[in-house]
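So the structure is just underneath, and the comments pick up after that.
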Amino acid sequence: MTTDREPLTLDDLKPIPPEELILRRPPEFDDPARERRHRKERLAGALRLFGRLGFEEGVAGHITARDPEYPDHFWVNPFGMSFKHVKVSDLLLVDHDGNVVQGRYHVNRAAFAIHSEVHKARPDAVGAAHSHSLHGKALSSTDQVLEPLTQDACAFYDDHSVFEDYTGVVNDTEEGRKLAAALGSNKAVILRNHGLLTVGSTVDSAAWWFITMERSAQAQLIAKAAGNTGLITPESAKLTHGQVGFELAGWFQFQPLFDQISRTEPDLFD
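Okay, here's the thing in structure tokens:
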């Protein structure tokens, strides 16, 4: 391979076989301890990104990662700690009864009530993300769903639902069960008068679905405020969902963001 200081020759212009090019893939593990560490690093990184993107609202909001060895337990951010400050060592491990079994802080009761039932109802969901982000809250306070107005929004075409039954802060598991039932088999749910919640087969994809859903909500609200909007046709929206809305795509889209946060804020690994 030539450097920038060397002239290119015809041999240098031959196509490189695709199998020799770098394409990142999700790691595979045969050791639950290594997989646990990986999930916790992704979780701490996702929380830092949520903080950087302005998704915090006081103590509200939580992202969880199912434990790879004890699937009825999950890791979650501490109650009352800024997303921007969370380190791997700060994360809590919570059991199926809501007890903290690893960690030094309390768990947000709403985090347990919501996420325990979501993880229980969705064995495929390794990660789940919820926060009171501005545009998610705004969209949830209308009678709208996320419409196929943009390519990015098509990731949620026929793949998100609405939980209509707002009755206050979710503090009991019965309310969490209703929320999980509303989510169904979808990747996301709009919690009416509350915000957004997303799930994924990795922490990475769950976090990415939340980020792009929040941005798509923002785009929809801006577009509708600006004037008449034009929907992508159902046929094209369904096709685009198959191109951008699958789990590997969600995982892959998260990688550049994780690279940014891990390089600029390496203390998250402490």
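Counting in the working numbering, the sequence shown runs without a single skipped number right up to 292 at its last residue.
Heads up, the beta-carbon is just placed ideally off N, CA and C, and yes, glycines get one too.
query	result
At 3 residues or longer, and completely inside the stretch 74–159: list those beta strand (DSSP E) runs for me, N to C.	84–88, 96–98, 114–116, 122–124, 149–153
Please state whether the Cβ-Cβ distance between Ser238 and Leu168 is less than 8 angstroms.	yes
If you draw a straight line from the C-alpha of Lys159 to the C-alpha of Trp97, how long is it?	25 angstroms
Work out the CA separation of Val129 and Leu114 for me, nearest whole Å.	7 angstroms
To the nearest angstrom, how far is the alpha carbon of Asp94 from that of Leu205?	19 angstroms
Straight-line CA distance for Phe280 to Arg199?	31 angstroms
What do you get for Asn99, buried or exposed, if any count of 16 or more other CB atoms within 10 angstroms of its CB means buried?	buried
Assuming Val184 contacts Ala132 (C-beta within less than 8 angstroms), just tell me the rounded distance between them.	Incorrect: roughly 19 angstroms between the Cβ atoms, too far for contact.
Let's see if you can read the secondary structure: which residues bound the beta strand (DSSP E) around Ala210?	210–213
Quick one: grab the DSSP three-state call for Phe185.	strand
Check this for me: beta carbons of Ala210 and Leu219, under 8 angstroms apart or not?	yes
Return the residue from the list Ala229, Arg61, Ile136 that minimises the CA-CA distance to Phe77.	Ala229
What is the C-beta distance between Pro39 and Thr224, in whole angstroms, given that I count them as a contact (C-beta under 8 angstroms)?	Not confirmed; about 29 angstroms, so no contact.
At least one CB of chain B closer than 8 angstroms to the CB of Ile38: is that the case?	Among the protein chains of the structure shown there is no chain B, as only one such chain exists.
Assign Val167 to one of three DSSP states: helix, strand, or coil.	coil
Answer with buried or exposed for Leu45, where buried requires no fewer than 16 other C-beta atoms within 10 angstroms of its C-beta.	exposed
Taking the alpha carbon of Asp181 as the point to measure from, which residue in Gly222, Asp194, Val81 has its own alpha carbon closest?	Gly222
Please report the straight-line C-alpha distance between Asn215 and Asp194, rounded to a whole angstrom.	18 angstroms
Under 8 angstroms, do Ala151 and Gln242 count as touching if we go by C-beta distance?	no
Is the beta carbon of Arg74 less than 8 angstroms from the beta carbon of His141?	no
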